[in-house]
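Here is the structure we will look at.
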Amino acid sequence: MLNERLQRMKKRCLETRPNITPERLRLATEAYQKYAGEAVPVFRAKVLAYVLDHMTILINDDELIVGTPTSTYRGANLFPEYTSTKWLKSELDDFPTRPADPYDLKPEDREEILKYLKYWEEKSIEDLAPEILPAHIENARRKDIISIGCRNGCSGETMPNHKKLLTVGLNGYIKECEENIAATLGGSKEKQEKIDFWNASIIVCRAVVRFAARYADRAEELAAGETDAKRKEELLTIAKNCRNVPGNPARSFHEALQLVWFVQVVFHIEAPTTACGFGRFDQYMYPFFKADRDAGKLDDETALELLECFYLKACEVFEVRDKWYSKSFAGYPMWEILMVGGQTVEGKDATNELSYLCLDAGADLQTSQPVLAVRLFEGSPPELLRKGAKMVQQGMANPGFFNDKVVIPMVLAKGATIEEARDWVIVGCIQPQAGGGTADG
């Protein structure tokens, strides 16, 4: 059963209709004009950094995990660099009234959006595609065999290496990139492209750390004016967490949740993306959960509250789709899949106490995001199957069940080792991927 905090937060979530905000459109336009001419990876990194450095910092009442991809609660960004302005302008006035997946749009925001869309006319990837695509690809595009642009996302199906992020932090990635640059002598196009990529990665990592620091500043600002002692303490904890992660390794279960969420938020600021999930959540989060619990810093009730706050944040990311896609994929689905259970790389049962709490959080909230997935094999405890099955029997349509006996051979057939195959995870909708995700770096 949800506590009072989560009841308030869920009520607000259900009663707040998604909305479209012009802020990312404005900031990206300014950045594209400011940094044009840089090497492509560096250019894109500077655009993202500019947006992160200038966007609104929003901390909502009650929340314990912070970070939002827009300037508003349950907002959606626009990405004119990818999609044609034609369909956006033609459908702009329909967003608030269309029957499937409507979006609120303030009159002043509508005017600002139209203002900045003028700059992007005939400049998006979708607009330029007919001129730059090979003839046979353009022919396929015209016949709707393939699509270009982002009417249904241009990016996605991405799984970061959460375990590495949690243990080295973004500063660890920065150090790694600096070492790679120092060890790579220039003098060739291929080497320079690598150096450009590493420099771009450093720019982004530093920008995300600054982004988190801005949340720490905002939390401290709110704490200074907060009269409720409990909420003041919560805001100061948020500030402390954001000072440490995602730059440094997480030191607690709360910090680990905050780090994972910051990474998810940046996905949805950089590009129109979907199906960016949370991987084998109960595996990479368990060491932090267990350490805090063994030290007497965390009980199941508090852990469940933090999990449910995290889950509700997953209900705050959206992708603006056109009329056709809004009908085809009704319900604002983002396919943020969170997986529990399965087996270890040694073939033993991987289920732990956090696996069950993850399902409990889903059963309490009954929200569409994150989508829960349970991995099962011969060694899975019956209790895990029963808990998941009970949720489905109660009409939640969540979690989904995935059979290692079927999937592991599929992953092996892709060339994975048996250890990588046992560590498989869903990437995207239901695609099995070896080794816990799509990004090992």
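Heads up: the sequence shown begins at 114 in this note's numbering, then just goes up one per residue. Backbone N, C-alpha and C define an ideal beta-carbon position, used for all residues, glycine too. As the structure is a prediction and not an experimental result, all values here were calculated from the model.
With H, G and I counted as helix, E and B as strand and the rest as coil, what does DSSP make of residue i?
i: alanine 463; result: coil
i: aspartate 56; result: There is no way to answer for residue 56, as the model of the chain reaches only from 114 to 554.
i: methionine 509; result: coil
i: leucine 489; result: strand
i: glycine 554; result: Because glycine 554 carries a pLDDT of 43, less than 50, the predicted location of this residue cannot be relied on, and the following value inherits that uncertainty. Correct three-state label for glycine 554: coil.
i: isoleucine 531; result: helix
i: glycine 282; result: helix
i: valine 538; result: strand
i: proline 453; result: At residue 453 the sequence reads valine, which differs from the proline that was named. It is a strand residue.
i: alanine 152; result: coil
i: serine 260; result: coil
i: valine 458; result: coil
i: alanine 408; result: coil
i: alanine 189; result: strand
i: arginine 139; result: helix
i: glycine 475; result: helix
i: threonine 387; result: strand
i: serine 268; result: strand
i: methionine 114; result: coil
Looking at residue i: is its Cβ nearer than 8 Å to the Cβ of residue j?
i: alanine 313; j: valine 155; result: yes
i: glycine 360; j: leucine 411; result: no
i: glutamate 270; j: glutamine 544; result: yes
i: alanine 486; j: isoleucine 521; result: no
i: cysteine 318; j: isoleucine 287; result: yes
i: asparagine 274; j: arginine 187; result: no
i: tyrosine 232; j: threonine 142; result: yes
i: methionine 452; j: glycine 475; result: no
i: leucine 138; j: isoleucine 226; result: yes
i: leucine 72; j: cysteine 389; result: Residue 72 lies beyond the residue range present for the chain, which begins at 114 and ends at 554; the question has no answer from this structure.
i: alanine 336; j: lysine 345; result: yes
i: alanine 384; j: serine 268; result: yes
i: methionine 272; j: glutamine 546; result: yes
i: aspartate 517; j: arginine 499; result: no
Assuming residue i and residue j make a contact with CB atoms under 8 Å, what is their CB distance in whole Å?
i: alanine 325; j: phenylalanine 366; result: Not quite, the Cβ-Cβ distance comes to about 17 Å (not below 8 Å), so this is no contact.
i: glycine 528; j: serine 493; result: In fact, because the Cβ distance is near 26 Å, the residues do not count as touching under 8 Å.
i: tryptophan 448; j: cysteine 542; result: 6 Å
i: tyrosine 195; j: glutamate 239; result: 7 Å
i: alanine 352; j: glutamate 368; result: That belief does not hold up - the Cβ atoms of alanine 352 and glutamate 368 are roughly 12 Å apart, past 8 Å.
i: valine 164; j: leucine 140; result: 5 Å
i: alanine 213; j: serine 481; result: So it is not a contact: roughly 15 Å between Cβ atoms.
i: leucine 467; j: methionine 398; result: 6 Å
i: phenylalanine 514; j: glycine 501; result: 7 Å
Please report the straight-line C-alpha distance between residue i and residue j, rounded to a whole angstrom.
i: leucine 115; j: serine 237; result: 45 Å
i: arginine 323; j: lysine 307; result: 25 Å
i: threonine 185; j: glutamate 292; result: 39 Å
i: glycine 409; j: glutamine 371; result: 20 Å
i: leucine 497; j: tyrosine 469; result: 7 Å
i: valine 358; j: alanine 320; result: 13 Å
i: arginine 331; j: leucine 525; result: 48 Å
i: alanine 443; j: alanine 510; result: 16 Å
i: isoleucine 531; j: glycine 460; result: 9 Å
i: threonine 183; j: threonine 340; result: 28 Å
i: threonine 169; j: threonine 181; result: 9 Å
i: leucine 417; j: alanine 162; result: 33 Å
i: alanine 552; j: glycine 285; result: Any reading at alanine 552 must be qualified, since the residue scores a pLDDT of 48, below 50, and its modelled position is unreliable; the value itself is stated next. Each residue's alpha carbon lies about 15 Å from the other.
i: aspartate 462; j: glutamine 396; result: 11 Å
i: glutamine 507; j: histidine 249; result: 50 Å
i: alanine 534; j: proline 247; result: 37 Å
i: leucine 191; j: serine 441; result: 20 Å
i: alanine 404; j: tyrosine 424; result: 22 Å
i: threonine 387; j: glutamate 432; result: 7 Å
i: isoleucine 315; j: glutamate 289; result: 9 Å
i: tryptophan 537; j: threonine 280; result: 20 Å
i: alanine 427; j: glutamate 176; result: 13 Å
i: glutamate 221; j: glycine 300; result: 51 Å
i: tyrosine 148; j: alanine 158; result: 10 Å
i: valine 430; j: leucine 349; result: 25 Å
i: phenylalanine 380; j: valine 540; result: 15 Å
i: glycine 554; j: lysine 276; result: For glycine 554, the predicted model reports a pLDDT of 43, less than 50, meaning its position is unreliable and no value from the coordinates is stated.
For the alpha helix (DSSP H) that residue i lies in, which residues bound it at each end?
i: methionine 122; result: 117 to 128
i: asparagine 516; result: Asparagine 516 -> not in any alpha helix (DSSP H); beta strand (DSSP E) instead, spanning 513 to 516.
i: arginine 211; result: Careful: arginine 211 lies outside any alpha helix (DSSP H) and carries neither H nor E.
i: proline 131; result: It is not in any alpha helix (DSSP H) - proline 131 carries neither H nor E in the DSSP assignment.
i: valine 376; result: 366 to 383
i: isoleucine 245; result: 238 to 245
i: isoleucine 308; result: 302 to 337
i: arginine 434; result: Here arginine 434 belongs to no alpha helix (DSSP H), and DSSP marks it neither H nor E.
i: cysteine 422; result: 413 to 426
i: lysine 353; result: 342 to 357
Is residue i close to chain C, meaning its C-beta is less than 8 Å from at least one C-beta of that chain?
i: glutamine 506; result: Checking the listed chains, one finds no chain C in this structure; it contains a single protein chain.
Which residues mark the beginning and the end of the beta strand (DSSP E) in which residue i is found?
i: proline 545; result: 544 to 546
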